[in-house]
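The listed protein sequences correspond, in order, to chains A and B. Mapped onto the working numbering, the consecutive letters of the first sequence carry residue numbers 314 to 415. Mapped onto the working numbering, the consecutive letters of the second sequence carry residue numbers 33 to 218. See below for the structure under consideration.
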Amino acid sequence: MNNVPAAWYLVLAALLFGIGAFGFLTHRSALIMFMCIELMLNAVNLTFVTFARTLSDISGQAIVFFVMVVAAAEVTVGLGIVVSVFRRRSSTSVDELSEMKG
Amino acid sequence: MIAVAYTQGAVVFATSALLILIGALGVISVRNPVHAALCLIMTLFGVAVAFVAQSADFLAAVQIIVYAGAIVVLFLFVIMFLGVDSREHVHFEPLVGQRAFAGVGVALTVAGLITLMARSHWVTGAVSVSSKLSNGSGNVKELGTAVFTTYLFAFEATSALLVIAVVGAVLLARRERSTTSEEVSQ
Numbered sequence: 314m315n316n317v318p319a320a321w322y323l324v325l326a327a328l329l330f331g332i333g334a335f336g337f338l339t340h341r342s343a344l345i346m347f348m349c350i351e352l353m354l355n356a357v358n359l360t361f362v363t364f365a366r367t368l369s370d371i372s373g374q375a376i377v378f379f380v381m382v383v384a385a386a387e388v389t390v391g392l393g394i395v396v397s398v399f400r401r402r403s404s405t406s407v408d409e410l411s412e413m414k415g
Numbered sequence: 033m034i035a036v037a038y039t040q041g042a043v044v045f046a047t048s049a050l051l052i053l054i055g056a057l058g059v060i061s062v063r064n065p066v067h068a069a070l071c072l073i074m075t076l077f078g079v080a081v082a083f084v085a086q087s088a089d090f091l092a093a094v095q096i097i098v099y100a101g102a103i104v105v106l107f108l109f110v111i112m113f114l115g116v117d118s119r120e121h122v123h124f125e126p127l128v129g130q131r132a133f134a135g136v137g138v139a140l141t142v143a144g145l146i147t148l149m150a151r152s153h154w155v156t157g158a159v160s161v162s163s164k165l166s167n168g169s170g171n172v173k174e175l176g177t178a179v180f181t182t183y184l185f186a187f188e189a190t191s192a193l194l195v196i197a198v199v200g201a202v203l204l205a206r207r208e209r210s211t212t213s214e215e216v217s218q
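This is how it looks when you write it as structure tokens:
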């Protein structure tokens, strides 16, 4: 397969990570912040797959598999926390959460 | 360096790059959380296209099934369950200059990454001999072998992690019956 240089995909992954990081740092809604974490995780996955192709090694793809599993677990617990916080405070804004008390 | 031989791959790359970047910009710029979740699906499909182009077929399928099929649906479920139509106050800044600092920091990080890629030759590791990628076709067999032999312990650990996550999510989202005093009725 005629494939483009790996650097193109790496730059794309860096841009995707940057967009995700910017969104994570600027948004206040916990839901949008979780989506931005997903963006960053996907950027890292793309980097892993690109290096797996470059080095012709399956380990990169195996690690992406595990990253996906951990991301699924993280979203499950995170959204559970969001629901439970929303029940108390009627808001998903992270600015409201200024104390550790339940 | 970019020869004509790349055209086929370049079209695929351009498609995935467009999907990824437009979707990602949509996630961080639209107001409505439901629209943000839909933009997230677009990005995930773009990443799946990039996976297929780099002979990671199984991961592309998992990407669609797990991310677009399960995670984003979970997001949408929570958004609609909470009834969040909170048009976020984007222009209200409790921390002064937060957006500017975030923009500068992210721009510096991305520029540093790209400079590192352009100026150094750190992809010089030896090509793997023990677990080679089958070139061109899918790598389902190789991936399965790697996961169930080399990474068997990690695989078992993720199964434990999933059970813990399920139990934790149920525990967190459960409505407590005993405490009636603090129950806020919406």
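Each residue gets a CB set at the ideal place from its N, CA and C atoms; glycine is no exception.
Would you list the one or two residues that DSSP bridges to residue i?
{"i": "A/SER342", "result": "A/SER406"}
Flag this pair as yes or no: are the beta carbons of residue i and residue j separated by less than 8 Å?
{"i": "B/ALA201", "j": "A/VAL390", "result": "yes"}
{"i": "A/GLU377", "j": "A/VAL362", "result": "Checking the sequence, you will find Val at residue 377 of chain A rather than Glu. Their beta carbons are under 8 Å apart, which means A/VAL377 touches A/VAL362 by this criterion."}
{"i": "A/ALA356", "j": "A/PHE330", "result": "yes"}
{"i": "B/ILE146", "j": "A/VAL317", "result": "no"}
{"i": "A/MET348", "j": "B/ALA69", "result": "yes"}
{"i": "B/LEU106", "j": "B/VAL66", "result": "no"}
{"i": "B/PHE45", "j": "B/ALA85", "result": "yes"}
{"i": "A/VAL467", "j": "B/ILE103", "result": "An answer regarding residue 467 of chain A cannot be provided, because it is not within the stretch 314 to 415 covered by chain A."}
{"i": "B/MET149", "j": "A/ALA320", "result": "yes"}
{"i": "B/ALA178", "j": "A/THR339", "result": "no"}
Using only the alpha-carbon positions, how far apart do residue i and residue j sit?
{"i": "A/ALA326", "j": "A/PHE335", "result": "14 Å"}
{"i": "B/GLU174", "j": "A/ILE371", "result": "7 Å"}
{"i": "A/LEU410", "j": "B/CYS71", "result": "27 Å"}
{"i": "B/ALA189", "j": "A/GLU351", "result": "21 Å"}
{"i": "B/VAL142", "j": "A/PHE337", "result": "15 Å"}
{"i": "B/VAL128", "j": "A/ALA386", "result": "34 Å"}
{"i": "B/PHE185", "j": "A/ALA375", "result": "13 Å"}
{"i": "B/ILE73", "j": "B/PHE113", "result": "19 Å"}
{"i": "A/THR392", "j": "B/VAL110", "result": "With the sequence shown as reference, residue 392 of chain A is identified as Leu, and Thr is not the correct amino acid for it. When rounded, the distance between both Cα atoms is 7 Å."}
{"i": "B/THR182", "j": "A/ARG402", "result": "46 Å"}
{"i": "A/PHE379", "j": "A/ASN358", "result": "10 Å"}
{"i": "A/SER369", "j": "B/ASN171", "result": "11 Å"}
{"i": "A/SER406", "j": "A/MET346", "result": "10 Å"}
{"i": "A/THR360", "j": "B/VAL138", "result": "18 Å"}
{"i": "B/PHE83", "j": "A/GLU412", "result": "42 Å"}
{"i": "B/VAL43", "j": "B/ALA93", "result": "21 Å"}
{"i": "B/GLY101", "j": "A/VAL398", "result": "25 Å"}
{"i": "B/ILE97", "j": "B/SER152", "result": "37 Å"}
{"i": "B/ALA204", "j": "A/ILE394", "result": "Looking at the sequence itself, residue 204 of chain B is Leu, so the reference to Ala does not match. Rounded to the nearest angstrom, the two C-alpha atoms are 6 Å apart."}
{"i": "B/GLN130", "j": "B/SER61", "result": "16 Å"}
{"i": "B/THR47", "j": "A/ALA384", "result": "25 Å"}
{"i": "B/THR39", "j": "B/SER191", "result": "42 Å"}
{"i": "B/VAL195", "j": "B/PHE187", "result": "13 Å"}
{"i": "A/SER404", "j": "B/LEU140", "result": "33 Å"}
{"i": "A/ASP408", "j": "B/PHE180", "result": "44 Å"}
{"i": "B/GLY115", "j": "B/ARG63", "result": "14 Å"}
{"i": "B/ARG206", "j": "B/GLN95", "result": "29 Å"}
{"i": "A/ILE332", "j": "B/GLY176", "result": "33 Å"}
{"i": "B/GLU215", "j": "B/ALA132", "result": "Confidence in B/GLU215 is poor, its pLDDT being 48 and thus under 50, which makes the residue's placement too unreliable to answer from."}
{"i": "A/GLY373", "j": "B/ALA197", "result": "25 Å"}
{"i": "B/ILE52", "j": "B/TYR99", "result": "14 Å"}
{"i": "B/LEU193", "j": "B/VAL199", "result": "10 Å"}
{"i": "A/LEU328", "j": "B/PHE90", "result": "25 Å"}
{"i": "B/GLY41", "j": "B/GLY144", "result": "27 Å"}
{"i": "B/THR212", "j": "A/ARG341", "result": "Since pLDDT at B/THR212 reaches only 49, below the 50 mark, its modelled position is unreliable, and the value read off the structure follows with that caveat. The alpha-carbon atoms of B/THR212 and A/ARG341 are separated by roughly 30 Å."}
{"i": "A/ARG400", "j": "A/THR367", "result": "48 Å"}
{"i": "B/MET33", "j": "B/VAL136", "result": "With a pLDDT of 47 at B/MET33, under the threshold of 50, the modelled position of that residue is not reliable, and no figure is offered here."}
Any beta-carbon of chain E closer than 8 Å to the one on residue i?
{"i": "B/LEU184", "result": "Chain labels in this structure do not include chain E; the protein chains are A and B."}
Whether or not the segment 75-88 of chain B and the segment 48-59 of chain B are in contact is what I'm after, with contact meaning three or more pairs of Cβ atoms, one per stretch, closer than 8 Å; do they touch?
yes
Report the residue ranges of all alpha helix (DSSP H) runs contained in full by the segment 53-110 of chain B; include only those spanning at least 4 residues, in chain order.
65-85, 89-94
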